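Undergrad:
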Amino acid sequence: VTRITLLTDFGTRDGYVAAMKGVIAGIAADALVEDAGHDLPAGDVTAAAHALAAYWLLYPAGAIHVVVVDPGVGTARRALAVRAAGRFLVGPDNGCLSPALATDPAAEVVAIESQLYLRSSVSATFHGRDVFAPAAAHLARGVVLGELGPAVADPSRLEGRQPRPTARGLIGEVVHIDRFGNLITNIPGGALAPGHFIQIAGHGPIPVVRTYGDVATGELVALVGSSGFVEIAVASGDAAARLAAERGCAVVLAG
Amino acid sequence: VTRITLLTDFGTRDGYVAAMKGVIAGIAADALVEDAGHDLPAGDVTAAAHALAAYWLLYPAGAIHVVVVDPGVGTARRALAVRAAGRFLVGPDNGCLSPALATDPAAEVVAIESQLYLRSSVSATFHGRDVFAPAAAHLARGVVLGELGPAVADPSRLEGRQPRPTARGLIGEVVHIDRFGNLITNIPGGALAPGHFIQIAGHGPIPVVRTYGDVATGELVALVGSSGFVEIAVASGDAAARLAAERGCAVVLAG
Amino acid sequence: VTRITLLTDFGTRDGYVAAMKGVIAGIAADALVEDAGHDLPAGDVTAAAHALAAYWLLYPAGAIHVVVVDPGVGTARRALAVRAAGRFLVGPDNGCLSPALATDPAAEVVAIESQLYLRSSVSATFHGRDVFAPAAAHLARGVVLGELGPAVADPSRLEGRQPRPTARGLIGEVVHIDRFGNLITNIPGGALAPGHFIQIAGHGPIPVVRTYGDVATGELVALVGSSGFVEIAVASGDAAARLAAERGCAVVLAG
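Note that the protein sequences, when read in sequence, are chains A, B and C. In this text, residue positions in the first sequence follow this note's numbering: the first is 1, and each later residue adds one. In this text, residue positions in the second sequence follow this note's numbering: the first is 256, and each later residue adds one. In this text, residue positions in the third sequence follow this note's numbering: the first is 511, and each later residue adds one.
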């Protein structure tokens, strides 16, 4: 069985997600479609890339990951299909596939252009249905990546900033706010040492703990999250709301 | 493999959707269940029909589409099973299956009444679990449509209004507002000609473009959407919020 | 085919749910993963148990139900795997699996501890990915429950209160508020008799009807809901909002 995952900002109150699933079913009758999520903030390519990073490589080789967060749909932006670390990825050329491109420097990237693998009529506003779903389904049927279109040498990549050492400590930033209000930073967990603490937006020192339940409900803590980076959380609470924090807020690791 | 899609207004914070999936699994062990969406506005039959229209025919023949937006559950309203264009549809007789009935004038329609294909005890408030899920699962197992119950000659249909020509131009209306805040109208894309523009609620002339990305972020535009009808959008924004528009708002195509 | 259901409070705008699905796909290539729901209120174990109760036993024997609402992740709370009534359940030892434990007094319960069936590195904050998903996938592959770890004699159970008879009538409480705003109580439907009515929070007598559509839109009614308990609803409306009711509110059945 080949699994195809779908990550979009389509929500689940219109028929857009099911339209993609219907197209896939019509081409690759045996493929298993799994929802990665459809509630990404509208047009938020950075959030899409962050979500994708959490799962694409956990799927076994052969899995096909479709990402459609596509504010540039219908413009000259290319439609990409990628083979990275044995997995396939399909989505617009706007940086949403960055995690796979960054992980596998030998990733093959093509622009989806062959008429054979598109819907017969391609709309200007719904490439999820007309371009990405059919491309993914054809890959599931065994079509070779290079058949979809010409190689692309310069796919878009989101440039993640690295934390920088300063006299005050290591200065990073919030790169994602998750559903629980946890603030995920770009500071690698390996940078933490005993005695270190975290500061953000005038708050701190925030103590570093191992897990949420190590402190009383409502306390502000820092810990190494599931992706290996430092995150700021409130035990049984919402750190983003508490701190009125946004993506891009500076975070300092000191000690 | 037979695919069964589920479209409901049940949300995904109760166990209602999974109850339907469990019933299906118990009857049709090999069926693949795919979520079409569960976040329809509560009781909004019109929104259900609009969502269904986007995908039911994209699935291959043999697919089974279940729609449960059912404010009349437990009353005298019938439970329907339909065969249209080779696909099956199951849902309450309240108009939610209108897209299939409109597309295939030769659609077969029956009322689900045979005790053989219902749960042994049918509640008054959850026909998704007790009537529609088992009917869909039995269809997936190969039960013939007519076995489910007697033919129905007069299934409910939502009466979509047609746009009408006037001295000011073609007057249509907003028939759906999607997750992005795009206003989908009942004006067919084919009615557009060069030089035409759109007016709504005192706004306009709104220019017609090919896709969202053809204008700067924040601009109000009209375009032919993915279902072939004119829609009004804000590039990287929310037209419904900007215009305080609702379903039923008049839209004028002039030029 | 073995079905694995997932019920979490992860939402669907991060990659957390898909991370679990990827781990499962890597271990049990043929398992079918079905979403039960991911929009539970964050950390709400009671809501998780209530949702689980609606579907776990509707799935056929052999199904595997994963529940991850886990405010104590990474602390000393155990990770459980359960075999009850022929179904399997996997989740934290915080009461979320109570419905299965209550239904089958002979349920087998083990603590998931064997390194063989965990991810090679277990994070302190994401046992959905590192403990529960792999355990479920190994069960789907046929691993015997007892292989996962030692037997547990005292799994956590949520103590549901029973309604109590008083001079005013039978006094129960609201145990769940669903997506429609219906107030589900702990008063069994069998306690209702002709002439009975319901009171809550100074409202009442609220008449008992058979289904929502038996009264005009906007009327407050009581009825026996799909789980067999009395619930309070507003026809085509939201009873929780109307009554400003919360879980735990007292409800009186009198007559």
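We put the CB at the ideal spot given by N, CA and C, even for glycine. Values in this document were obtained by computation on a predicted structure and should not be read as measured data.
Contact defined as beta carbons within less than 8 Å: I believe Ala783/C pairs with Arg597/C. What is the distance between those atoms, to the nearest angstrom?
TA: Because chain C spans 511 through 765 in this model, residue 783/C falls outside it and cannot be assessed.
Undergrad: Along the chain, which unbroken stretches of the beta strand (DSSP E) at least 3 residues long are found entirely within the stretch 331-401 of chain B?
TA: As far as the stretch 331-401 of chain B is concerned, its whole beta strand (DSSP E) runs of at least 3 residues are 334-339, 342-347 and 363-366.
Undergrad: Use the C-beta contact count for Gly652/C: other C-beta atoms within 10 angstroms, 16 or more gives buried, fewer gives exposed.
TA: Gly652/C is exposed by the Cβ-count criterion.
Undergrad: Within the same chain, show all residues whose beta-carbon is closer than 6 Å to that of Leu139/A, passing over the 5 residues directly before and after it, in chain order.
TA: These residues qualify, in order along the chain: Ile64 and Phe88.
Undergrad: Could you check whether the Cβ of Leu307/B sits closer than 8 Å to any Cβ belonging to chain A?
TA: So yes, Leu307/B belongs to the interface.
Undergrad: For the putative contact between Pro675/C and Val619/C, defined by C-beta atoms under 8 Å, what is the C-beta separation to the nearest angstrom?
TA: Not confirmed; about 34 Å, so no contact.
Undergrad: Using a Cβ-Cβ cut-off of 8 Å (strictly less than) and excluding sequence neighbours within five positions of Ile710/C, which residues of its own chain qualify?
TA: Val684, Leu693, Ile716, Ile742, Leu753, Ala755, Cys759, Ala760, Val761 and Val762, listed in sequence order.
Undergrad: Measuring alpha carbon to alpha carbon, tell me which of Val324/B, Ala308/B, Arg374/B and Leu371/B ends up nearest Asp359/B.
TA: Nearest of Val324/B, Ala308/B, Arg374/B and Leu371/B to Asp359/B, Cα basis: Ala308/B.
Undergrad: Quick one: measure Cβ to Cβ for Ala418/B and Asn441/B, integer angstroms, because I've assumed they're closer than 8 Å.
TA: Reading off the sequence shown, one finds Pro at residue 418/B, where the question assumed Ala. That pair is a contact at about 6 Å.
Undergrad: Indicate whether at least one CB of chain A lies closer than 8 Å to the CB of Glu289/B.
TA: With 8 Å as the cut-off, Glu289/B counts as an interface residue toward chain A.
Undergrad: Taking C-beta to C-beta, are Asp290/B and Asp545/C nearer than 8 Å?
TA: Against a cut-off of 8 Å, the Cβ pair of Asp545/C and Asp290/B comes out as a contact.
Undergrad: Could you confirm whether any beta carbon from chain A is found closer than 8 Å to the beta carbon of Arg258/B?
TA: With 8 Å as the cut-off, Arg258/B counts as an interface residue toward chain A.
Undergrad: To which residues does DSSP link Thr211/A through a beta bridge?
TA: Beta-bridge pairing links Thr211/A to no other residue.
Undergrad: Using alpha carbons as the reference points, say which of Gly346/B, Gly401/B, Tyr467/B and Pro443/B lies closest to Val300/B.
TA: Of the listed residues, the one whose Cα sits closest to Val300/B is Gly346/B.
Undergrad: Comparing alpha-carbon positions, which option in Ala137/A, Phe180/A, Phe197/A and Gly169/A lies nearest Gly26/A?
TA: Among Ala137/A, Phe180/A, Phe197/A and Gly169/A, the Cα nearest to that of Gly26/A is on Ala137/A.
Undergrad: Would you say Arg268/B faces chain A, with C-beta separation under 8 Å as the test?
TA: Taking Cβ atoms only, chain A never reaches closer than 8 Å to Arg268/B, which makes this a no.
Undergrad: Measure the C-alpha to C-alpha separation of Gly553/C and Glu113/A and round it to an integer number of angstroms.
TA: Answer to the nearest angstrom: the Cα atoms are 46 Å apart.
Undergrad: State whether the stretch 378-392 of chain B contacts the stretch 320-331 of chain B, with contact taken as three or more CB pairs (one from each stretch) at a distance under 8 Å.
TA: The stretch 378-392 of chain B vs the stretch 320-331 of chain B: in contact.
Undergrad: Does any residue of chain A have a CB that is nearer than 8 Å to the CB of Ala634/C?
TA: Interface residue, yes.
Undergrad: Report yes if the C-beta distance between Ala610/C and Arg588/C is below 8 Å; otherwise report no.
TA: For Ala610/C and Arg588/C, no; Cβs fall outside 8 Å.
Undergrad: Indicate the three-state DSSP secondary structure (helix, strand or coil) for Ala233/A in the structure shown.
TA: Looking at Ala233/A - three-state DSSP - the assignment turns out to be strand.
Undergrad: Apply the 10 Å Cβ neighbour rule to Arg258/B and answer buried if 16 or more other Cβ atoms are within range, or exposed otherwise.
TA: Buried is the call here.
Undergrad: Which residues mark the beginning and the end of the beta strand (DSSP E) in which Val256/B is found?
TA: First-last for Val256/B: undefined, no H or E at that position.
Undergrad: Between Gly292/B, His431/B and Gly329/B, which lies nearest to Ala302/B when the distance is taken from Cα to Cα?
TA: Selected option, being the one with the closest Cα: His431/B.
Undergrad: Going by the beta-carbon positions, is the gap between Tyr169/A and Ala254/A smaller than 8 Å?
TA: A small correction: the amino acid at residue 169/A is Gly; Tyr does not occupy that position in the sequence shown. Their beta carbons are under 8 Å apart, which means Gly169/A touches Ala254/A by this criterion.
Undergrad: Can you tell me whether DSSP reads His196/A as helix, strand or coil?
TA: Coil.
Undergrad: Check whether the Cβ atoms of Gly514/B and Arg412/B lie closer than 8 Å to each other.
TA: Absent from the model: residue 514/B. The displayed extent of chain B is 256 to 510, so no value can be given.
Undergrad: Do Leu517/C and Ala561/C count as a contact pair if the criterion is CB distance below 8 Å?
TA: Taking 8 Å as the Cβ cut-off, Ala561/C and Leu517/C qualify as a contacting pair.
Undergrad: Determine the burial state of Val256/B: buried for a count of at least 16 other Cβ atoms within 10 Å of its Cβ, exposed for fewer.
TA: Counting Cβ neighbours within 10 Å, Val256/B comes out exposed, since fewer than 16 surround it.
Undergrad: Report buried or exposed for Ser631/C, applying the criterion of at least 16 other Cβ atoms within 10 angstroms of its Cβ.
TA: It is exposed - the Cβ of Ser631/C has fewer than 16 other Cβ atoms within 10 Å.
Undergrad: What did DSSP end up calling Val579/C once you bin it into helix, strand or coil?
TA: Reduced to three states, the DSSP call for Val579/C is coil.
Undergrad: In angstroms with no decimal places, state the Cα-to-Cα distance between Glu147/A and Met20/A.
TA: Taking the straight line from one Cα to the other gives about 21 Å.
Undergrad: Between Ala286/B and chain A, is there a C-beta pair that is closer than 8 Å?
TA: Not one chain A Cβ lies under 8 Å of Ala286/B.
Undergrad: Are the C-beta of Ser631/C and some C-beta of chain B separated by less than 8 Å?
TA: No, because no Cβ of chain B sits closer than 8 Å to the Cβ of Ser631/C.
Undergrad: Just how far apart, CA to CA, sit Ala31/A and Val17/A?
TA: Computed Cα separation, rounded: 16 Å.
Undergrad: Determine the extent of the beta strand (DSSP E) in which Leu733/C is found, giving its start and end residues.
TA: Leu733/C -> beta strand (DSSP E) spans Leu730 to Val734.
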